[in-house]
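Engineer:
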Amino acid sequence: MLKQLDSFLELAKRKSQKTIAVAAAEDAFALDAIRMIIVQGLGRAILVGCREKIVTIAGRLDFDIREVEIIDLPDKTQACNKAVELVKSGKADILMKGLVDSPVYLRAILNKTFGIAESSLVTQMAFIQSPFYRKLFAITDAGINISPTKQDKKIMVTQSVDLLHRLDISNPKVALIAAVEHATPAIQATVDAAELSEERFENCIVEGPLSVDLAFSHDSCRHKGLDTRVGGDVDLIVLPDVNSANVFYKTVMQLGSASSASVLTGTSAPVVFTSRSDTATTKYFSIACAIAQCKD
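With the UniProt record's numbering, letter number 141 in the sequence shown gets 141, and the count goes up by one each step, no holes.
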């Protein structure tokens, strides 16, 4: 069980130093996160983007980048393509998003020639530390797949569980979230969840449909008389679509005093997938999570 985002740092310290390729690196929060990673000896960086802006921002952050490689590519598309190529070629171990729109970043990742998509479905996975829950939990997918089908959700569960295993969570508990806990033909998400909960998944426990209160609260499960192995102890929640996932994520972050880290699944190398507006702390923990899942 991982109790907080700091757990990623402990896992990352067990790894050899990794190289992070930062696409469109002229971003203060991304550079500050990289600075913290380098200072702690957890990794190195290749900064791809506008050299002039990178140098200026680094100066404001008191970040000495004289020993850091910079590839001067002011064009966002070219910067993303180059950063992905660095990972594809093995010159970097981890890909990180800087000051660039997600669609531009994703197009490079999904490129048929030099991209690093390994699965038929690349998904976003966020880890959340909430003061109202006793351990870290993960959610998917708040940023990429708009209306995942039942088969998409099966892939999302499989890939997310694989990532959790790499983070030392050996038998994660997965909740397929919906508005109600019974299969209801009028609500397709409940039907998908009920059918998926009957399928076989390796080294995890999958239940659904479960409402959010049941997933996180033992008291709610007892009050509703639910016999569950997942309810009240969930490690991963799979939301019905990007709208519900995005609303859930932003609500717990803005109103629930939560902290987070965000990565992708379905790629051949770890990928940091944060919002441009995410803080340096969020990006720092996201890098730590990416390092922790690397193979030595």
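From the three backbone atoms N, C-alpha and C, an ideal C-beta is built for every residue, glycine too.
Just so it is clear, the structure is predicted and the values come from calculations on it, not from any experiment.
Let me make sure I understand the geometry here. Which of Q293, F8 and K13 has the alpha-carbon closest to that of V161?
Structural biologist: Among Q293, F8 and K13, the Cα nearest to that of V161 belongs to Q293.
Engineer: Closest by CA to D235, which one among T123, I169 and I287?
Structural biologist: That would be I169, whose Cα lies nearest to the Cα of D235.
Engineer: Output the distance between the C-alpha atoms of I205 and M1, rounded to the nearest integer angstrom.
Structural biologist: Cα-Cα distance, rounded: 15 Å.
Engineer: Run through the region 62-104 for me and flag every whole alpha helix (DSSP H) of 4 or more residues, listed as ranges in chain order.
Structural biologist: Segments of the alpha helix (DSSP H) lying fully in the region 62-104: 76-88.
Engineer: For D227, count the other beta carbons within 10 Å of its own beta carbon; 16 or more makes it buried, fewer makes it exposed. Which is it?
Structural biologist: With fewer than 16 Cβ atoms within 10 Å of its Cβ, D227 is classed as exposed.
Engineer: State yes or no: is the C-beta of G231 within less than 9 Å of the C-beta of L210?
Structural biologist: Cβ atoms of G231 and L210: closer than 9 Å.
Engineer: Kindly confirm or deny that the region 48-58 and the region 115-131 touch, where touching means at least three C-beta pairs closer than 8 Å.
Structural biologist: The region 48-58 is not in contact with the region 115-131.
Engineer: Are L176 and I144 close, meaning C-beta to C-beta below 9 Å?
Structural biologist: Going by C-beta atoms, L176 is not nearer than 9 Å to I144.
Engineer: Over the uninterrupted alpha helix (DSSP H) stretch that includes R166, give me the two end residues.
Structural biologist: Here the alpha helix (DSSP H) through R166 covers K150 to R166.
Engineer: Consult DSSP for G256 and reduce its assignment to one of helix, strand or coil.
Structural biologist: Note: G256 maps to coil in three-state DSSP.
Engineer: Compare the beta carbon distance of R44 and K82 with 9 Å and say whether it is the shorter of the two.
Structural biologist: In this structure, K82 does not lie closer than 9 Å to R44 by Cβ.
Engineer: Using DSSP with H/G/I as helix, E/B as strand and the rest coil, what is K224?
Structural biologist: Coil.
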